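Please read the structure below before turning to the comments.
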Amino acid sequence: MEFNILNNYFYQRDTVPLALALLGTLLIHESTEGITSGFIIETEAYLSKNDPACHAYRGKTKRNAAMFGPPGRAYVYFIYGNHHCFNVVSAAEGIGEAVLVRALEPVDGVELMKERRGKHHKVENLTSGPGKLCSAMNISREHNGISLQKPPLYLAKGKTVEKSSIDTSGRIGINQAQDKPLRFFLKNNLFLSR
DNA sequence: CGGGAGATGGGCT
DNA sequence: GCCCATCTCCCGA
Numbered sequence: 002m003e004f005n006i007l008n009n010y011f012y013q014r015d016t017v018p019l020a021l022a023l024l025g026t027l028l029i030h031e032s033t034e035g036i037t038s039g040f041i042i043e044t045e046a047y048l049s050k051n052d053p054a055c056h057a058y059r060g061k062t063k064r065n066a067a068m069f070g071p072p073g074r075a076y077v078y079f080i081y082g083n084h085h086c087f088n089v090v091s092a093a094e095g096i097g098e099a100v101l102v103r104a105l106e107p108v109d110g111v112e113l114m115k116e117r118r119g120k121h122h123k124v125e126n127l128t129s130g131p132g133k134l135c136s137a138m139n140i141s142r143e144h145n146g147i148s149l150q151k152p153p154l155y156l157a158k159g160k161t162v163e164k165s166s167i168d169t170s171g172r173i174g175i176n177q178a179q180d181k182p183l184r185f186f187l188k189n190n191l192f193l194s195r
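Every number in the working numbering is 1 more than the matching position in the first sequence, counting from 1.
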């Protein structure tokens, strides 16, 4: 499937259009334990300007440095002492924007996801949240800053998404700029975070 | 079933 | 010390 990897051109657009374009694409992790993958069904845009919820809002630090790298790389951070969140870096190098991936529809490696997340979980609960999907896909800080255009972690062309099947809302779990309509998701998908 | 609290650790206000 | 782009468990209904 590597011939369907999304290349540099895919990432050459503004962050909001990229957050929309990422819906339906396939996120793949070829780990030593096996391959897991899933369609991206929920994203959030985090912008450099007028967006206090964005980690890059107060400038570049050691933690958020990957956000300021070239687009098409990963920005992974650790939160609440337990969880990782996976983002696709967007905008030109030096700007500091990214798209948070909040939920996946599992495709390959469902059994491996269950082993990682806990066998008692239903399929609908494996990747229906940013922390959950990182656990199921085994994505962690070691992936921070790496390219998403080659194995082991990469994005590939997925399923076609009609504009009419996409809905928008405020972003989840933030205390600032909750009113901004920067969350995008596939309506009625079983694997949404909410 | 929904709401609330605790877990847990890194970064910064 | 307090905050945080979260998850899970436990409780009451």
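Cβ coordinates follow ideal geometry from the N, Cα and C atoms, glycine included.
Remember, it's a predicted structure, so these values are computed and weren't measured experimentally.
Would you kindly check if the distance between the Cβ of Ser194 and the Cβ of Gly119 is under 9 Å?
-> The count along the first sequence starts at 1 and reaches residue 119 at position 118. The count along the first sequence starts at 1 and reaches residue 194 at position 193. No; because the gap between Cβ atoms is not below 9 Å, this pair is not in contact.
Indicate the three-state DSSP secondary structure (helix, strand or coil) for Leu27 in the structure shown.
-> For the purposes of this step, residue 27 is identified with residue 26 of the first sequence, where counting begins at 1. Reduced to three states, the DSSP call for Leu27 is strand.
Quick one: residues in its chain with C-beta nearer than 6 Å to the C-beta of Arg172, no 5 flanking neighbours on either side, listed in chain order?
-> Position 171 of the first sequence, counted from the start, is the residue given in the question as residue 172. Counting only Cβ-Cβ distances below 6 Å, and skipping sequence neighbours, we find Glu45, Leu183 and Arg184.
Taking 8 Å as the cut-off, is the CB of Gly95 close to at least one heavy atom of the ligand ATP?
-> With respect to small molecules bound, the structure shown includes none, and the ligand ATP cannot be examined in it.
Give every residue of the same chain whose Cβ lies closer than 7 Å to the Cβ of Lys198, excluding the five residues on either side of it in the sequence, and list them in chain order.
-> The structure shown does not extend to residue 198, since the chain is modelled only from 2 through 195, so no value can be given for it.
Along the chain, where does the alpha helix (DSSP H) that runs through Thr16 open and close?
-> As a working note, residue 16 is residue 15 in the first sequence. Here the alpha helix (DSSP H) through Thr16 covers Thr16 to Ala22.
Starting from the Cα of Glu94, find the closest Cα among Ile80, Glu112, Met68 and Glu106 and give me that residue.
-> By one-based count along the first sequence, residue 94 stands at place 93. Taking only the C-alpha atoms, the option nearest Glu94 is Met68.
Glu34, buried or exposed, once every other Cβ within 10 Å from all chains shown has been counted against 16 | Within the first sequence, the letter at position 33 stands for residue 34. Label assigned to Glu34: exposed.
Return helix, strand or coil for Gly159, following the three-state DSSP convention.
-> Stepping through the first sequence from its first residue, residue 159 is reached at position 158. The answer is coil: DSSP assigns Gly159 none of H, G, I, E or B.
Among Cys86, Ile175 and Lys158, which one has its Cα closest to the Cα of Arg142?
-> Counting from 1 along the first sequence, the entry for residue 142 is found at position 141. Nearest option by C-alpha distance: Cys86.
Test item: CB-CB of Ile42 and Leu113 under 9 Å = Position 41 of the first sequence, counted from the start, is the residue given in the question as residue 42. Position 112 of the first sequence, counted from the start, is the residue given in the question as residue 113. No, these two residues do not count as a Cβ contact at 9 Å.
Going along the chain, which unbroken runs of the alpha helix (DSSP H) with 4 or more residues stay wholly within the region 92–174?
-> 111–118 and 131–138
Who are the Cβ neighbours of Val162 in its own chain at under 8 Å, not counting the five residues just before and after it?
-> Taking the first residue of the first sequence as position 1, residue 162 is located at position 161. The residues are Leu24, Gly25 and Leu187.
Decide if Asp52 is buried, meaning its Cβ has at least 16 other Cβ atoms within 10 Å, or exposed.
-> The residue given as residue 52 occupies position 51 in the first sequence. Buried is the call here.
Please state whether DSSP places Asn5 in a helix, a strand or coil.
-> Locating residue 5 in the first sequence gives position 4, where the first residue counts as 1. In the structure shown, Asn5 sits in a helix (DSSP, three-state: H, G or I).
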